[in-house]
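Residue numbers (the numbering used here), protein chains in the order written: chain A, 172 to 542; chain B, 172 to 542; chain C, 172 to 542; chain D, 172 to 542. Ideal Cβ positions, reconstructed from N, Cα and C, are used throughout, including at glycine.
There are 4 protein chains.
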Amino acid sequence: MTGNTFGHSFRITTWGESHGRALGVVIDGTPAGLPIDEEDIQHDLNRRRPGQSRISTPRSEADHVEILSGVFEGRSTGTPISMLVYNKDTDPSAYDNIKDTPRPGHADYPYKMKYGMRDHRGGGRSSARETIGRVAAGAVARKLLRTAGIEIVSHVIELGGVRAKDMNMDLDTMRTIQDNVDKTIVRCADLNAAEEMIAQADAARQEGDSIGGIVETIVVGVPAGLGEPVFDKLDADIAKAMMSIGAVKGVEIGAGFKAAELKGSHMNDGFAVENGTVVTRTNNAGGILGGLSSGMPIICRCAVKPTPSISITQRSMDMKQMSEQDINIQGRHDPTIPPRMVPVAEAMMALVLADHMIRSGHIGPNTLLKG
Amino acid sequence: MTGNTFGHSFRITTWGESHGRALGVVIDGTPAGLPIDEEDIQHDLNRRRPGQSRISTPRSEADHVEILSGVFEGRSTGTPISMLVYNKDTDPSAYDNIKDTPRPGHADYPYKMKYGMRDHRGGGRSSARETIGRVAAGAVARKLLRTAGIEIVSHVIELGGVRAKDMNMDLDTMRTIQDNVDKTIVRCADLNAAEEMIAQADAARQEGDSIGGIVETIVVGVPAGLGEPVFDKLDADIAKAMMSIGAVKGVEIGAGFKAAELKGSHMNDGFAVENGTVVTRTNNAGGILGGLSSGMPIICRCAVKPTPSISITQRSMDMKQMSEQDINIQGRHDPTIPPRMVPVAEAMMALVLADHMIRSGHIGPNTLLKG
Amino acid sequence: MTGNTFGHSFRITTWGESHGRALGVVIDGTPAGLPIDEEDIQHDLNRRRPGQSRISTPRSEADHVEILSGVFEGRSTGTPISMLVYNKDTDPSAYDNIKDTPRPGHADYPYKMKYGMRDHRGGGRSSARETIGRVAAGAVARKLLRTAGIEIVSHVIELGGVRAKDMNMDLDTMRTIQDNVDKTIVRCADLNAAEEMIAQADAARQEGDSIGGIVETIVVGVPAGLGEPVFDKLDADIAKAMMSIGAVKGVEIGAGFKAAELKGSHMNDGFAVENGTVVTRTNNAGGILGGLSSGMPIICRCAVKPTPSISITQRSMDMKQMSEQDINIQGRHDPTIPPRMVPVAEAMMALVLADHMIRSGHIGPNTLLKG
Amino acid sequence: MTGNTFGHSFRITTWGESHGRALGVVIDGTPAGLPIDEEDIQHDLNRRRPGQSRISTPRSEADHVEILSGVFEGRSTGTPISMLVYNKDTDPSAYDNIKDTPRPGHADYPYKMKYGMRDHRGGGRSSARETIGRVAAGAVARKLLRTAGIEIVSHVIELGGVRAKDMNMDLDTMRTIQDNVDKTIVRCADLNAAEEMIAQADAARQEGDSIGGIVETIVVGVPAGLGEPVFDKLDADIAKAMMSIGAVKGVEIGAGFKAAELKGSHMNDGFAVENGTVVTRTNNAGGILGGLSSGMPIICRCAVKPTPSISITQRSMDMKQMSEQDINIQGRHDPTIPPRMVPVAEAMMALVLADHMIRSGHIGPNTLLKG
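What follows is the structure, encoded as structure tokens:
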């Protein structure tokens, strides 16, 4: 019950199923006065849309967004912003064979156990199409954050075992990533690595198999001291946000799992004063200390499993007969998820930060307009 | 504001500072009828207590818990359970030199930026002593989960670069871990690896340095279908719970970051039917599919950074002067955190699961007593 | 921020403005398996629709509801139910003269103070049209409550100073009210009083003035022990729900304000045992003791102020000039609110009860279907 | 479950039972820098303490408050403030005869139905002693509100059928009330009416009976535009807060139930401009329009039922035998509640306003200290 809402002071509720009439989101908590139009939202939705390349599902959807409330004369009014996208290219018949036979790696089996029934068409609510609402809301959150000087970028740093070269994180690096990320279909800013990744994705597609990867998200411009001790820490909320994206199996901040192998004298980022500002020379903390932002760039990486829908025959069972049987998955699917997850990761990061910026008073909750 | 509460249907609020008068927790949502006495709570608190071994801080605290409400004639009444521990061995003078000089790797700097002031004694609220409330509440949650057949164990699987041998996760393995975990001061169930880990911790202590590690948490007995789509997924809530523990820099479920390198045909756990029950032969999912439990053991690993308090001189700055300066940290500290984090990780997992078990109706919210 | 959501375990978020593109609601928390179709919802919406009689606004709206998610093959799936109504008959020009001149008795002035701007067309978000979402969600809540034997009815017991005759509340009386309530345009079950009320409403309309009244809501079938001490008491949540309806200025339970004048020996409802069931001979408590249901009918009354939109010239001010000036309100409005508030009061009561029934486990949170 | 918390951005959790070891509260959300000492809290607790006069229960309790966390060097730190009062004068034996026999007008019966058991000593959690936590937290909230120029006063305006004379509400009147309210044991600012009220209370006490009354709460200094549409309206939250106080059966704002009898032309408060400020000449709205504050004084009245504990024999039943039987209530009790409810009503109003002032950014959530 009631798990479809995210956020405390900037709060979204998503709704909709893969093959239902529409999917959407209601945002509650946007201060009045933010310029918003449908093109802003559409731009981000287009980046997560299916059918963009040979490594994304051929489902043909324009995913045209409509803003139904909360915007008046081009600006947010402070009231809920409701947005939706109607489903057009639905083909439920492709899913008849999975009605009683759960797909390995998918939510089919536990959904049935929880609800006693399920909308099996394309995974229903557990489909990645649910992220339409997240991305639409994230577009608003990003506009809001930009008024406070915060910028977010995500990119693929590993795919099918191919790792992009390490980059020292600073504002210049961020600009390079922003420039490069959409240049290839794998959304890796290291264009050489991107070539290899594409080869891996093509190979997997031809084998009817799939590959996983790692998506990194970087944020610059966050003021020091953002976050709420002791449970609603900034990294705790980021971890929840990212882990709530289907296919994500791990989240790390800064040095992450490597921190387990470092000594304290190496891990700790010493302080320095630069142009009257407190900085750290290294950023193993990934911009977060004790759950609060340090003012350094926030760095988060998500491990993304390979697409669970593969063409290779797999072992499943018939839930009515309670007997084992093979399953062959039809329908349309991507051979790899990370490239299309890039705008979703950006959206989730934006939602967490917008929430904390309002919650902590850095952005006024009522209005952006001067008295 | 208001970040000190965790949970939806089984909800805890912790309070207290390292060198304040007391620390404690209020639990709201325990059904009536659960047998509870102070010894149950004390047992878990003793496992996180300082001064247990040469690798934990010598601060001498009995950490004696008192239950002040919510229990009548040995059973929970359904009303809030308030518990506290008075601080005894406080020595704030050791912290005078860090009043204006933030310790690298600690929350000192962002706390000051957020609140404009801070209780600098022993880290104040950002101290690991805050976990007293978590562990006390976790003890109640674990009792509650046991009424539903759920058991949780955490253990150290990596410390200072030493990795315990991999174990195939089943009920027998869990029993072995439970038997071994408290046999050594590093709480690693692989007793050979434990010896090496201890050597690493001793070496770090002698160098005035510290080491990190990985804590794994395993849960058996969770019914299939637990969790709430799409944001309050079981793995999303676990990720938040674990990342909210100080020093945790990464969280992964099942195959975790390795999933990024697997192919779908390897990652997917095929279904099987065993004694009339649905199982999977492998458990790369770590017991969670689409954010809901699959009925297989839940497996979660946390990357823990090395203790930020080290004796080696570090670079910091004076916040009043805004000038760089060295810092030498006095006070008492552990050379490594994971062994004492074991009961905290168990507690956080218990809190997440108790919350979801009540939220989903698996455990009745009002009472365990029969009508 | 984020005040547009109501409920804990059965949670609704409403959105939309009087003259925007649409209004709607997302319900999160409906268990799977509840039969739902658009006709169920439409029936309740038709009762709150404008243009039903000469004492309701002539705005012509079919208010046709569309269900966009959460229902599959005629049953709820446990996922969010999104519903909307497109606005058709909008005439914003009628509101040009109130752009900078707040209407007395309306939210115009404080909205402007809060948000720095406002959608002035028809009151924007503060319009009574916002209750479309409440009534649509309430229709689902009522269906859910009926599966547990709970029935709700509201009726007008006072209008323009005319009071309906007192009725002893029992199941028979409730049936009479249900039979009579929609027989007259004032929705008073006492048909004689209804005639007088209509006369009052007609007179007010002709004078360009408006009248207030009292709406009573009765619930039968609520099990004893419903509600959550100490803040989320059943009566506290009912009071909030009702007071959140525009124009409501008072809420009372059972004897209500008369209780202030009674002695304890009169007010207290003594217990009795009837057919093996605990009852009380009187019901001054209005079915709620210490914030929990007693098992007796719940009785709640709301004081509704006269419609603030009147044709008579009133005193206001120009917010830009900060100077006083007269205001003449055009647009379309009802001479009295209570008759159209009847379905809204029923909806709010249903929302509170559905929330508490799920929260307390009386209705399972996941599914109504048998394992 | 989890109903013991109140507030969104300034949040309290109360705990404790009438005859348990202690009662208390945790406040989460106080900005850093607020001067707080135990005397501030004790002052308000003394006003609700038992044994103050012949019309309050003779239970002898000093109700000495201890602040255990969240305050450092005399100022709030932004972390949770935990406060408690140990119970001293407990005499549970007086309650043996009500163990299985519910007291009419009390929560005994529904508590047993909800939880399957109950702490029957003095009503356990449903005792009015639970308000200790509310009043202690309210004292902090009031200090916080005073930094923003907001003042709150409650007084008894009706008791046992005796009504205080009406007063036009302005700042002078408020000062008079503040001066007079504690001059008599009935806390009525109209000292003539107070005499009559005392006579009524004495008579009721001698008869072993009890009387009810009305408590009015007035707030000045609230900025216009406070509150959150559409559910978390200021009046909706006030209604919930007040109705959550035991014995309150009705809540009204401004003209309240009288509004039902007024015409719109009378009810509406016309706007005026006075010294460059927007005011209304009348205040039938009670300072709240469309759920947001108007800038005029907030006026709220609560109907309080007569004390349910009376010495007169009443009809009850034996819950084990399911048979009717008489009950004679022993123990200690007040003949009337409103005088001791005055500080509780002030506290609840303060909690609502502190919450909304922070939520809306009028008071910064992190700190009161200048950068």
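Check	Outcome
For chain D, is any of its Cβ atoms less than 7 Å away from the one on F402/B?	no
List, in order along the chain, the chain A residues whose C-beta lies closer than 9 Å to that of R296/C?	S240, G241, T248, G249, T250 and P251
Mapping the DSSP letters down to three states, classify A474/B as helix, strand or coil.	strand
Can you name the residues of chain D whose CB is closer than 7 Å to the CB of S180/B?	M172 and T173
Would you be able to state if there are at least three C-beta pairs under 8 Å between the segment 212-226 of chain A and the segment 303-315 of chain A?	yes
L463/B and G396/B: beta carbons closer than 7 Å?	yes
Taking DSSP as the reference, what is the three-state secondary structure of I323/B?	strand
In whole angstroms, give me the CA-to-CA distance for A430/D and A412/B.	50 Å
For K476/B, count neighbouring C-beta atoms within 10 Å of its own C-beta (all shown protein chains included) and say buried if the count is 16 or more, exposed if not.	buried
If contacts are defined as beta-carbon pairs under 8 Å, then S494/A and V444/B qualify, I think. What distance do you get, rounded to the angstrom?	6 Å
Buried or exposed for H235/D, going by 16 or more other Cβ atoms inside 10 Å?	exposed
Assign S189/B to buried or exposed, taking buried as 16 or more other Cβ atoms, counted over all protein chains shown, within 10 Å of its Cβ.	buried
Can you have a look at R346/B and say buried or exposed, based on whether 16 or more other CB atoms are within 10 angstroms of its CB?	exposed
Taking the straight line between their C-alpha atoms, what separation do you get for A265/A and H504/A?	12 Å
Drop a sphere of 10 angstroms on the beta-carbon of L239/C, count the other beta-carbons inside from all chains shown, and report buried for 16 or more, exposed for fewer.	buried
Spatial neighbours of D361/D within its chain, please: C-beta separation below 7 Å, excluding the five flanking residues on both sides.	A335 and K336
T478/C versus chain D: which residues are under 9 Å apart at the beta carbon?	G435
Report the neighbours of G540/B on chain D: residues whose CB is nearer than 9 Å to its CB, in chain order.	The sequence as given places Leu at residue 540/B; Gly does not occur at that position. Y286, G287 and M288, listed in chain order.
Over the uninterrupted beta strand (DSSP E) stretch that includes M488/B, give me the two end residues.	Q485 to D489
Against chain B, does Q492/A count as a neighbour if the rule is that its beta carbon must be under 7 Å from one of theirs?	no
If we ignore side chains and look at the alpha-carbon of each, how far apart do E329/B and G435/B end up?	27 Å
Helix or strand or just coil, what does DSSP make of R300/B?	helix
Measure how close the beta-carbons of C359/C and I424/C come, nearest whole angstrom, since I'm counting them as under 8 Å.	That pair is no contact at about 21 Å.
How many angstroms separate the CA atom of D526/D from the CA atom of E399/D?	11 Å
Evaluate contact between the segment 519-535 of chain B and the segment 249-263 of chain C, counting only Cβ atoms and requiring at least three cross-stretch pairs below 8 Å.	no
Only counting the same chain, and skipping five residues up and downstream in sequence, which positions put a Cβ closer than 6 Å to that of P514/B?	D215, R218, R219 and V306
Nearest to S531/A by alpha carbon, out of P394/A, N446/A, V419/A and E517/A?	P394/A
Is T478/A near S415/A, with beta carbons less than 7 Å apart?	no
Determine, using beta carbons only, whether S531/A comes closer than 7 Å to chain D.	yes
Would you say G535/B faces chain C, with C-beta separation under 7 Å as the test?	yes
How about W186/A and G200/A: are their beta carbons less than 7 Å apart?	no
Is V523/C close to chain D? Criterion is C-beta to C-beta, closer than 7 Å.	no
Spatial neighbours of I409/C within its chain, please: CB distance less than 6 Å, with the 5 preceding and 5 following residues excluded, ordered by chain position.	C471 and V523
T448/A bridges to which residues according to DSSP?	E445/A
Hey, quick one: how far does the beta strand (DSSP E) through D182/A stretch, first residue to last?	Going by the sequence as given, residue 182/A is Arg instead of Asp. Residues R182 to G187.
If you follow the beta strand (DSSP E) that A193/B is in, where does it begin and where does it stop?	A193 to D199
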